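J.: I am attaching a structure below and will ask some questions about it afterwards.
Number of protein chains: 2
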Amino acid sequence: MAAAGKKHQSAVTAQRLLDTAERLFGEHGYNGVGMRALAHAARVNLAATTYHFGSKKILYVETFLRRFRAVNLRRSELLAAADRAAHGQPLPVELIVECMMRPSMEAGIEHPAFNKLVARTLLAPPKFLHQQLQAELEPNLKLFIGAFERALPQVPTDLLNLRLALALGAVLMFGVQMSALKVKRDPRREAAFLKELVRFTASGLASAPATVGAELARLKPPAHLKRTA
Amino acid sequence: MAAAGKKHQSAVTAQRLLDTAERLFGEHGYNGVGMRALAHAARVNLAATTYHFGSKKILYVETFLRRFRAVNLRRSELLAAADRAAHGQPLPVELIVECMMRPSMEAGIEHPAFNKLVARTLLAPPKFLHQQLQAELEPNLKLFIGAFERALPQVPTDLLNLRLALALGAVLMFGVQMSALKVKRDPRREAAFLKELVRFTASGLASAPATVGAELARLKPPAHLKRTA
DNA sequence: AATAAATTCATACGTATGTTTTAAATCCTG
DNA sequence: CAGGATTTAAAACATACGTATGAATTTATT
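So the sequence lines, in the order shown, correspond to chains U and Y.
Position one of the first sequence corresponds to residue 31 (our numbering), numbered consecutively onward.
Position one of the second sequence corresponds to residue 31 (our numbering), numbered consecutively onward.
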């Protein structure tokens, strides 16, 4: 772990496969990419794919989770840090939202293809991913729902769930947009975009409920993450 | 148009194919559905698919456009009607948003599988659809952008474009959510959901800009609809 | 340098794909 | 009823798919 410069050849191959898979799966979807095309794009022998990952499905899962895990971890870290600094006070909504969004944006800057893969995967998750997706998302979702509930006591939980789903849709679209502009990195602009994304989402989340009673039945956030789905 | 009961056999076959394609393409994506599976699910002979549509791509295009055209038409009709009633005054933002959202919601109620197909298609459009998608969306988009510009003169056009993309993401997610709850139709609840979707989106669109200068460069709305893409 | 383990390679298997074809049925319209 | 349009069945087409195999080669360890 010490010297990151030297790597076994096998690690290079596996990483090339992951990077290529991230890009191609993001662009064409799981079924839109064949193992031959993938191996060729990664400049790797076809058999190396099964040697390193065993199957196409596993390669997809590992490609997705590799960064998704890190992003979610960073989310919870940011939220925890903000919580610590607040000394028990409810956090401002925009701050919570920023804890949600910033890791996505950062990941998108560092790895332009990743957000497209996320959008595809969350909007229409392959069935072989359901379980691990659920396991990955649930704890984080709970953290943020809790934070929002404390920050927005006037918004009923059911409505909050709906709004969080809408917010998720906005972030996904934002990620797709980001990966579409292959513009050279410009920290000023990136910060501006993040700010606007946060503003938009926080406004929606914090707006006064439009409906009075319990006309809104339970609508859990991302449908594909429900246990019964 | 008078007696809807009687139909030519050929029309029945083609419609069964379209309905089945809508459901299966929405669930598994273009590459996730084979013609044999599709024909079988539609209880139609395999050769009938090429007889009626010529190719899988054409079937996808026609499946998608069949309702998407109608939805967009309804959007522009609602907006035009609202404009007519406003006597030259800028429309309230929530009203414009409702003109955008209502047709999607109505379509989702009548045809539960459709919105999933829309979400998939708009978030990651197959390349053979780019052209017709662009042609279908551009005029409508212009109408609504114009309406929003009049209603929100304090929001710069670039920012408005970004926010519209985020709003689109929210609607897509909303549509996916809707098709996930296969709950029996309840007009009261449906109206409540629509109201909340409108409230969320309008709040985001109308919020005060978070950035001061021209740090936001041009960011055209849906990336896949740009001419250069 | 020798041995063992890890990795790469070309090739092949069985199956599935979208599409086409042929021929015989069945339907609808004029 | 005649005749064209539509549907069916079955088979074949070339191509692509995910995966497996076993030998060749590289890498690591002694």
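Note that CB positions come from ideal geometry on N, CA and C, so glycine has one too.
Note that this is a predicted model, so its numbers are computed, not measured.
Out of U:Ala195, U:Pro142 and U:Asn61, point me to the one whose CA is closest to Ala210 (chain U)'s CA.
T.: U:Pro142
J.: Is Gly234 (chain Y) helix, strand or coil when you go by DSSP?
T.: helix
J.: For Ala77 (chain U) and chain Y, any beta-carbon pair shorter than 8 Å?
T.: no
J.: Assuming contact is defined by CB atoms lying nearer than 8 Å, are Val242 (chain Y) and Val127 (chain Y) in contact in what I supplied?
T.: no
J.: Using the three-state DSSP reduction, which class does Thr93 (chain Y) fall into: helix, strand or coil?
T.: Three-state DSSP puts Thr93 (chain Y) in a helix.
J.: For the structure I just gave you, are there three or more beta carbon pairs, one from the segment 112 to 130 of chain U and one from the segment 89 to 99 of chain U, closer than 8 Å?
T.: no
J.: If you count every other CB in all the chains shown that lies within 10 Å of the CB of Glu13 (chain Y), and 16 or more means buried, which is it?
T.: Because chain Y in this structure spans residues 31 to 259, residue 13 (chain Y) falls outside the shown range and cannot be described.
J.: For Lys214 (chain U), which three-state DSSP category applies?
T.: coil
J.: Select from Y:Ala112, Y:Lys225, Y:Phe178 and Y:Thr187 the residue whose C-alpha is nearest the C-alpha of Ala238 (chain U).
T.: Y:Lys225
J.: Please compile the residues from chain Y whose C-beta is within a distance smaller than 9 Å of the C-beta of Leu192 (chain U).
T.: Phe204, Gln207, Phe223, Glu226, Leu227 and Phe230
J.: Do Phe230 (chain U) and Val148 (chain U) have their CB atoms nearer than 8 Å?
T.: no
J.: Can you tell me whether Glu52 (chain U) is buried or exposed? The criterion is at least 16 other CB atoms within 10 Å of its CB, across all chains shown.
T.: buried
J.: Distance, Cα to Cα, Ile175 (chain Y) vs Asp113 (chain Y)?
T.: 14 Å
J.: Of the residues that make up the segment 46 to 69 of chain U, which ones have a beta carbon closer than 7 Å to any beta carbon in chain Y?
T.: Of all residues in the segment 46 to 69 of chain U, only Gly59, Asn61 and Gly62 come within less than 7 Å of chain Y when Cβ atoms are compared, listed by chain position.
J.: Using the C-alpha atoms, what's the distance from Leu171 (chain Y) back to Leu159 (chain Y)?
T.: 17 Å
J.: Spatial neighbours of Lys36 (chain Y) within its chain, please: C-beta separation below 7 Å, excluding the five flanking residues on both sides.
T.: With a pLDDT of 44 at Lys36 (chain Y), under the threshold of 50, the modelled position of this residue cannot be trusted; read the value that follows with caution. Closer than 7 Å at the Cβ level, and outside the excluded window around Lys36 (chain Y), lies no residue.
J.: Leu192 (chain U): which of Y:Leu190, Y:Phe55 and Y:Phe204 sits nearest, CA to CA?
T.: Y:Phe204
J.: Evaluate Ala259 (chain Y) with the Cβ neighbour count: other Cβ atoms within 10 Å of its Cβ, from every protein chain shown; 16 or more gives buried, anything less gives exposed.
T.: Note that Ala259 (chain Y) has pLDDT 32, beneath the 50 cutoff, so the model's placement of it is unreliable and the number below is only indicative. Exposed, since its Cβ has fewer than 16 Cβ neighbours within 10 Å.
J.: With Ala197 (chain Y) and Gly234 (chain Y) assumed to form a contact (beta carbons below 8 Å), what rounded beta-carbon distance in angstroms separates them?
T.: 7 Å
J.: Just verifying my parser: in three-state terms, what is the DSSP assignment at Gly176 (chain U)?
T.: helix
J.: Quick one: Cα of Pro217 (chain U) to Cα of Leu76 (chain U), how far?
T.: Rounded to the nearest angstrom, the gap between the Cα atoms of Pro217 (chain U) and Leu76 (chain U) is 39 Å.
J.: In whole angstroms, give me the CA-to-CA distance for Ala72 (chain Y) and Ala116 (chain Y).
T.: 47 Å
J.: Just the Cα atoms here: how many angstroms apart are Arg105 (chain U) and Pro155 (chain U)?
T.: 21 Å
J.: From the DSSP output, in three-state form, read off Asn75 (chain U) for me.
T.: coil
J.: Gly138 (chain U) versus chain Y: which residues are under 7 Å apart at the beta carbon?
T.: Neighbours of Gly138 (chain U) on chain Y: none; closest Cβ ~13 Å, over 7 Å.
J.: Does DSSP put Thr43 (chain U) in a helix, in a strand, or in coil?
T.: In this structure, Thr43 (chain U) counts as helix in the three-state DSSP scheme.
J.: Find the residues of chain Y that neighbour Leu198 (chain U), judging by a C-beta separation of less than 7 Å, and give them in chain order.
T.: Met203
J.: What does the alpha-carbon distance come out to for the pair Gly56 (chain U) and Lys146 (chain U)?
T.: 5 Å
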